[in-house]
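Worksheet: the structure to be examined is printed underneath.
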Amino acid sequence: MAKKRVHDDEEDGDGGIEDENCENASEEMEEEDHDEDRARRKRSKKKKKKNPGLMSASGQTEQDRRILRRKQRELHQDIAIGNGSGGTAADGGGDDGEELARLRDQNNELWGEVRYTREAVLDGENIDLLAGKAARQAEKIVQVSLVVWWGMLFSYNLYGIFFLA
17 MAKKRVHDDE EDGDGGIEDE NCENASEEME EEDHDEDRAR RKRSKKKKKK NPGLMSASGQ
77 TEQDRRILRR KQRELHQDIA IGNGSGGTAA DGGGDDGEEL ARLRDQNNEL WGEVRYTREA
137 VLDGENIDLL AGKAARQAEK IVQVSLVVWW GMLFSYNLYG IFFLA
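Be aware that the sequence shown starts at 17, since it is given in my numbering, and climbs by one per residue.
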């Protein structure tokens with residue numbers, strides 16, 4: 017039995033070492049986890065810095081972008097208000113087409129300076145406004161043409177030259 021007992025002691029001894037190693041390993045893992053948590057918290061507390069390479073790569077400063085946005089907003093107002101003539105080529109006010117071309121050219125010049133989404137949105141709004149203005153201008157031309165056509169038809173009917181069947 018003494019031999020068995022020595023064997024039991026060896027097992028207890030080895031088991032004790034293994035248990036002790038497991039305890040040490042788990043303590044080390046807990047310390048590592050704690051250190052990682054602490055490092056993660058420090059990283060999350062730091063403010064994220066803007067990417068300085070982004071601004072320098074575009075060649076635009078924040079001031080340049082402000083100026084561009086101001087110009088785009090002024091153009092937006094100019095497009096919305098228009099020149100106030102309201103005439104079309106058919107009734108003698110043919111400068112609407114020239115005005116529309118001038119506004120479009122100004123918007124295209126500003127587009128050459130756009131590097132960021134914020135300014136691109138303003139450009140898109142200006143394009144939308146220009147398209148609406150062009151559509152209204154085209155609608156006026158069609159309406160004037162119809163009025164002229166109906167006027168001619170009416171005058172022919174007065175003289176008995178043309179009758180609708």
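Glycine residues also receive a C-beta, built at the ideal position from the N, C-alpha and C atoms.
Alpha carbon of residue i to alpha carbon of residue j, nearest angstrom
i	j	result
residue 152	residue 145	11 Å
residue 75	residue 81	10 Å
residue 154	residue 77	40 Å
residue 73	residue 161	53 Å
residue 101	residue 133	Below a pLDDT of 50, predicted positions are generally treated as unreliable, and residue 101, at 46, falls in that range; the measurement from the model is reported next regardless. If you take the alpha carbons of residue 101 and residue 133, they lie about 34 Å apart.
residue 138	residue 85	7 Å
residue 159	residue 79	46 Å
residue 130	residue 56	38 Å
residue 122	residue 111	16 Å
residue 109	residue 98	For residue 109, the predicted structure reports a pLDDT of 46, less than 50, and the residue's modelled location is therefore unreliable. The matter cannot be settled from this model.
residue 114	residue 140	21 Å
residue 83	residue 147	24 Å
residue 54	residue 128	48 Å
The ligand SAH heavy atom lying under 7 Å from the CB of residue i
i	result
residue 151	The ligand SAH is absent from the structure shown, which contains no ligands of any kind.
Distance CB(residue i)-CB(residue j) smaller than 8 Å
i	j	result
residue 126	residue 149	no
residue 91	residue 142	yes
residue 95	residue 119	yes
residue 135	residue 93	no
* To do: Taking only runs that begin and end inside the stretch 78 to 161, name each unbroken alpha helix (DSSP H) of 4 or more residues, in chain order.
  => 78 to 97 and 111 to 127
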